[in-house]
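Residue numbers (the numbering used here), protein chains in the order written: chain A, 1 to 335; chain B, 336 to 670.
Using N, Cα and C, we set each Cβ at its ideal position, and we do this for glycine too.
Here the structure is a predicted model, which means the values were calculated and not measured.
Protein chains: 2
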Amino acid sequence: MSVTIKDIAKRAGVSITTVSRALNGYPDIHPRTRERVLRIADELNFRPNAVARSLVMKKSKTIGLIISELTCSPSSHHFIFDIIRGVHDQAALMGYDVILSATSPNQQQEISYMELCTRRQLDGVLLMGVRTDDRYLQEVLDASVPCVLIDVPLISKTCGHVMVDNVCGARMAVQHLVDIGHRRIGMINGHRQAYVSFDRLKGYRQALKENGLTFDPDQVFDGNFEEDAGVEGVNRLLSRFPDMTALFCASDMIAVGALRALQQWGKRVPEDVAVVGYDDIDLARYIHPPLTTIHQPRYQMGKKAAELLVRMLSGGKGEAVVLEPQLIARESTIR
Amino acid sequence: MSVTIKDIAKRAGVSITTVSRALNGYPDIHPRTRERVLRIADELNFRPNAVARSLVMKKSKTIGLIISELTCSPSSHHFIFDIIRGVHDQAALMGYDVILSATSPNQQQEISYMELCTRRQLDGVLLMGVRTDDRYLQEVLDASVPCVLIDVPLISKTCGHVMVDNVCGARMAVQHLVDIGHRRIGMINGHRQAYVSFDRLKGYRQALKENGLTFDPDQVFDGNFEEDAGVEGVNRLLSRFPDMTALFCASDMIAVGALRALQQWGKRVPEDVAVVGYDDIDLARYIHPPLTTIHQPRYQMGKKAAELLVRMLSGGKGEAVVLEPQLIARESTIR
DNA sequence: TTGAAAGCGCTAACAT
DNA sequence: ATGTTAGCGCTTTCAA
C-alpha cells in the first residue's frame, strides 16, 4: 500500500485538506504547518496519485499522440521518430505525459477518436500522418478535445496545426534546379491523400512559372512516398520525356528509387539528370550520390506541436504554426 | 459533461451497481436487464472512465515505455522506432496503453523511476537503452513494479528481459568472415557500458577460437556505436595491423564510418577488407557497398517485451526471452 | 437478480 | 489558518 495524504495528515495531526493545500503550495497555510507537512511527506516518501487527482480535477495532464496507420509505411520512421522525441521532450517540460496511440490497420481493433480521449481523459491530442480522406479528421473537428494536427492544414476553435511550408520547400527545390541551369524538370509526387503533396505540387508550379517555364501535367508523376514510386516515376517520365534533365521528388525515398532507376537507364546523376529529394532523412547523406534535399525540422515540429497544444489547453485558440524548410545542396545536383 | 453509469442507471430505472455489472458482463444479471442497459449505454454513447476505474481497481492498464537518454544518440532511431511500434501494437492488442517516458539528460528534470510508476499508477514498465552503470537499474530491481528490460540481461522476481542473442550474432558474423577466407579479423566494438558490447566481444572471441585463430586484444577497438568510432577504429587498427583483411563492427553506424575510413586508406571493400555490421538498419541496404550485417528482429523485440510484461502482470515470473539474430550477406563481404 | 453503501485518493466549496 | 463535508465515476462487499 502506498502513502496517501491521509497518512501524512494522521502523522502531522492535521486534516487532509491542510495536507493537500500545503502540498500544492496554497498561500493560506501557516509556514510552520506547511514545513511540517512537507517534511513528513518527504519522510514517508509520499508520491501523489495522479489518477485520483485526475478524477477530481477532470484533467489528466496527459496528451495523446496518435499516429495514423498511413504513417506506418516502411520509410516513415525516419521522419516520425524525431517528431515523437520533440513532442515528448516539450510535453515533459510542461508537465504532461504522452500516451502513444495509433489508428490500427485492422478495423475491428480500431478505437474511435473520441473513445480514446474520453476513456483516458486525455486533455488534448496530437495527430499525425492522417490522410485527407481519413475519417478521424471529421471526428477531430467535431470533438471538443483540443487537437493539434501535424502536416494537415486545418484550423478551428479546437484545432490547430503545425506544418513546414511545403509550397516554399518545393519552390526552393525547383528554383535550385533552375539556378543551376535546368529547364526540363519533372516531378514525382507522393499520393494525393496527403496534404503535403498538394502543396509541393503547388510550389513546383509556382517556381516554374516564376522562371518562365511552362507547367505540363504530364511531367508530374503521382505515386506515393516510397521507393517504388521513384522507380516507376522515372520509367514513366523518362520514356515520355527523354530530354528531361532534372527531377524533383516529394520524398527522399522516392529520390532513392529514382536514383536506382536512373542508373538503369544509364543516366548519370547529376551530370545527365539532377535529383532533389524532400525530408532530409539520414539516408540522404549516405546514399550515392549524396542527395540534395529539403530539410524539415522534425524535432522542432514535435516541440512546436506540443507547445501549441498546451497553449490551447490553457484557453488558447487553434492556430497555424508554420516552420521554414531548408535546402541542403549535395552532389545529386551539383558536383 | 460526459455520460456516466449514473445517467444510464437513471434512464434504465436500475441502480448503478446493476449497470456496472451489466456492462462488465457479470453473470448474475437478468438477460433482459442487461440488454436494456447495454442498449441505453449505446444510445447515450457511454464511454467508461478509465481514470475512475483505475482509482478503484488500483490497476491502470497502462505500461510505461522508458527510453534511456543513452538511446537518444543520433543513430538510435533506426533501432528504437521499430521496437516502439512492436511494444505499442502488442500492448494495444492486450488492452494496455503505453506512456512514453525518457530518462532526461538534464538532471533537474529527471524523475525517479518509482515516482513515475506510482504517480501514474503504471502497472508495469519497459525499459530500454540503459547502460550497465545506470542508476535506474538499481531502482528497477528494488521496485515492486514488474519490469521488462530490453537488451539488459537481468532477471529477478519482478524483472525479466528480452534480448537478441548477441554472442550468437557476433559468432555468425565472424564465422561468415572465416568462411570466406579471412583470418586476420579486427573488431570495432560499442562502448563498454552496454551489455551488448560485452556479448558481442564474447561471440567474436568464441568464433576465433572455434576456428583456431588466436585472439589479440589489440585487434579490438573500443569506441561507441556511432559513425565516428568506425572511422577512428579503422585508423587505429589499420595502422597497427596493415594486413588486416576483415572487420567486424558492433553496429551498422560503426561500419558506415569504417567504410568511409577504409576508402581514405585506399582499401577496397570487400576486395581488400571485408566489413560486417550489426543491426541491419535501413541504411545498410542503401549504402555503397551494401553492408553485410546481423539482423535484429526489432519489431519482434518490442512485441515480445510487451507480451512478457503483461504475462508478468498476471502473476508470471520474470523470465528471459532470447530471440535469434540473422546474418544478412551483402556486398561488403562478398561480391 | 438487484440495490444500498462504502470507499479508492484527492480537491474544493463552505464553514469556523 | 484550518477542518468538515461532499463529491469525481467507478467497483465491490454485503443485504435483501
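Looking at the strands, I want to know which residues DSSP matches up with residue i.
{"i": "residue 437(B)", "result": "402(B)"}
{"i": "residue 189(A)", "result": "222(A)"}
{"i": "residue 44(A)", "result": "Per DSSP, none; premise fails for residue 44(A)."}
{"i": "residue 494(B)", "result": "482(B)"}
{"i": "residue 127(A)", "result": "66(A), 149(A)"}
{"i": "residue 328(A)", "result": "293(A)"}
{"i": "residue 432(B)", "result": "397(B)"}
{"i": "residue 415(A)", "result": "A query on residue 415(A) cannot be resolved here, the shown segment of chain A reaching from 1 to 335 and no further."}
{"i": "residue 609(B)", "result": "581(B)"}
{"i": "residue 614(B)", "result": "630(B)"}
Going by alpha carbons, who is nearest to residue i out of the options?
{"i": "residue 514(B)", "options": "396(B), 589(B), 454(B), 545(B)", "result": "545(B)"}
{"i": "residue 625(B)", "options": "286(A), 157(A), 266(A)", "result": "286(A)"}
{"i": "residue 396(B)", "options": "648(B), 370(B), 554(B)", "result": "648(B)"}
{"i": "residue 416(B)", "options": "473(B), 616(B), 645(B)", "result": "616(B)"}
{"i": "residue 317(A)", "options": "124(A), 292(A), 172(A)", "result": "124(A)"}
{"i": "residue 240(A)", "options": "221(A), 255(A), 230(A), 100(A)", "result": "221(A)"}
{"i": "residue 377(B)", "options": "339(B), 489(B), 398(B)", "result": "339(B)"}
{"i": "residue 467(B)", "options": "363(B), 532(B), 359(B)", "result": "532(B)"}
{"i": "residue 328(A)", "options": "284(A), 255(A), 311(A), 310(A)", "result": "284(A)"}
{"i": "residue 188(A)", "options": "140(A), 256(A), 155(A), 335(A)", "result": "256(A)"}
{"i": "residue 181(A)", "options": "200(A), 246(A), 95(A)", "result": "246(A)"}
{"i": "residue 447(B)", "options": "46(A), 215(A), 171(A), 161(A)", "result": "46(A)"}
{"i": "residue 414(B)", "options": "485(B), 390(B), 367(B)", "result": "485(B)"}
{"i": "residue 607(B)", "options": "559(B), 668(B), 633(B)", "result": "668(B)"}
Anything in chain B within Cβ reach of residue i, meaning under 7 Å, just list it in chain order.
{"i": "residue 118(A)", "result": "337, 382"}
{"i": "residue 81(A)", "result": "412, 415, 416"}
{"i": "residue 97(A)", "result": "434, 455"}
{"i": "residue 102(A)", "result": "423"}
With residue i as the anchor, note down where its beta strand (DSSP E) starts and where it stops.
{"i": "residue 248(A)", "result": "246 to 249"}
{"i": "residue 412(B)", "result": "Element bounds for residue 412(B): not the beta strand (DSSP E) but the alpha helix (DSSP H), 412 to 428."}
{"i": "residue 145(A)", "result": "Here residue 145(A) belongs to no beta strand (DSSP E), and DSSP marks it neither H nor E."}
{"i": "residue 3(A)", "result": "Neither: residue 3(A) is in no beta strand (DSSP E) and is coded neither H nor E."}
{"i": "residue 256(A)", "result": "No beta strand (DSSP E) contains residue 256(A), which is instead part of the alpha helix (DSSP H) from 252 to 264."}
Measure the beta-carbon distance from residue i to residue j and round it to whole angstroms, keeping in mind my assumption that it falls under 8 Å.
{"i": "residue 300(A)", "j": "residue 86(A)", "result": "6 Å"}
{"i": "residue 212(A)", "j": "residue 167(A)", "result": "That pair is no contact at about 19 Å."}
{"i": "residue 593(B)", "j": "residue 565(B)", "result": "4 Å"}
{"i": "residue 278(A)", "j": "residue 305(A)", "result": "Rounded, the Cβ-Cβ distance is 20 Å, inconsistent with contact."}
{"i": "residue 350(B)", "j": "residue 344(B)", "result": "6 Å"}
{"i": "residue 186(A)", "j": "residue 253(A)", "result": "Residue 186(A) to residue 253(A), Cβ: 17 Å. No contact."}
{"i": "residue 511(B)", "j": "residue 611(B)", "result": "7 Å"}
{"i": "residue 295(A)", "j": "residue 412(B)", "result": "Incorrect: roughly 16 Å between the Cβ atoms, too far for contact."}
{"i": "residue 319(A)", "j": "residue 308(A)", "result": "7 Å"}
{"i": "residue 37(A)", "j": "residue 17(A)", "result": "Not really, about 11 Å apart at Cβ, beyond 8 Å."}
List the residues of chain A whose Cβ lies closer than 8 Å to the Cβ of residue i, in chain order.
{"i": "residue 425(B)", "result": "Those within 8 Å of residue 425(B) in chain A number zero; the least Cβ separation is about 12 Å."}
{"i": "residue 621(B)", "result": "256, 283, 286, 287"}
{"i": "residue 395(B)", "result": "51"}
{"i": "residue 450(B)", "result": "47"}
With respect to the alpha helix (DSSP H) encompassing residue i, which residues constitute its N-terminal and C-terminal limits?
{"i": "residue 174(A)", "result": "166 to 179"}
{"i": "residue 529(B)", "result": "Residue 529(B) -> no alpha helix (DSSP H), and no H or E assigned at all."}
{"i": "residue 336(A)", "result": "The structure shown has nothing for residue 336(A), since chain A only spans 1 to 335."}
{"i": "residue 634(B)", "result": "633 to 648"}
{"i": "residue 214(A)", "result": "Here residue 214(A) belongs to no alpha helix (DSSP H), and DSSP marks it neither H nor E."}
{"i": "residue 670(B)", "result": "Note, residue 670(B): premise wrong, no alpha helix (DSSP H); not H, not E."}
{"i": "residue 364(B)", "result": "From DSSP, residue 364(B) is part of no alpha helix (DSSP H); its letter is neither H nor E."}
{"i": "residue 351(B)", "result": "351 to 358"}
{"i": "residue 453(B)", "result": "448 to 454"}
{"i": "residue 154(A)", "result": "Residue 154(A) -> no alpha helix (DSSP H), and no H or E assigned at all."}
{"i": "residue 603(B)", "result": "Where residue 603(B) is concerned, there is no enclosing alpha helix (DSSP H), given that its DSSP letter is neither H nor E."}
{"i": "residue 53(A)", "result": "50 to 57"}
Residues of chain A with a CB under 9 Å from the CB of residue i: which are they?
{"i": "residue 640(B)", "result": "Residues of chain A passing the Cβ test: none, with the nearest at roughly 14 Å."}
Which chain A residues sit within Cβ distance under 7 Å of residue i?
{"i": "residue 560(B)", "result": "Chain A residues near residue 560(B): none, gap ~14 Å exceeds 7 Å."}
What does residue i touch in chain B if you count any residue whose Cβ is under 8 Å from its own?
{"i": "residue 54(A)", "result": "386"}
Find the residues of chain B that neighbour residue i, judging by a C-beta separation of less than 9 Å, and give them in chain order.
{"i": "residue 199(A)", "result": "Ordered by position in chain B, no residue passes the 9 Å Cβ test against residue 199(A), which lies about 26 Å from the chain."}
{"i": "residue 274(A)", "result": "The contacting residues do not exist; residue 274(A) stays about 19 Å from chain B at best."}
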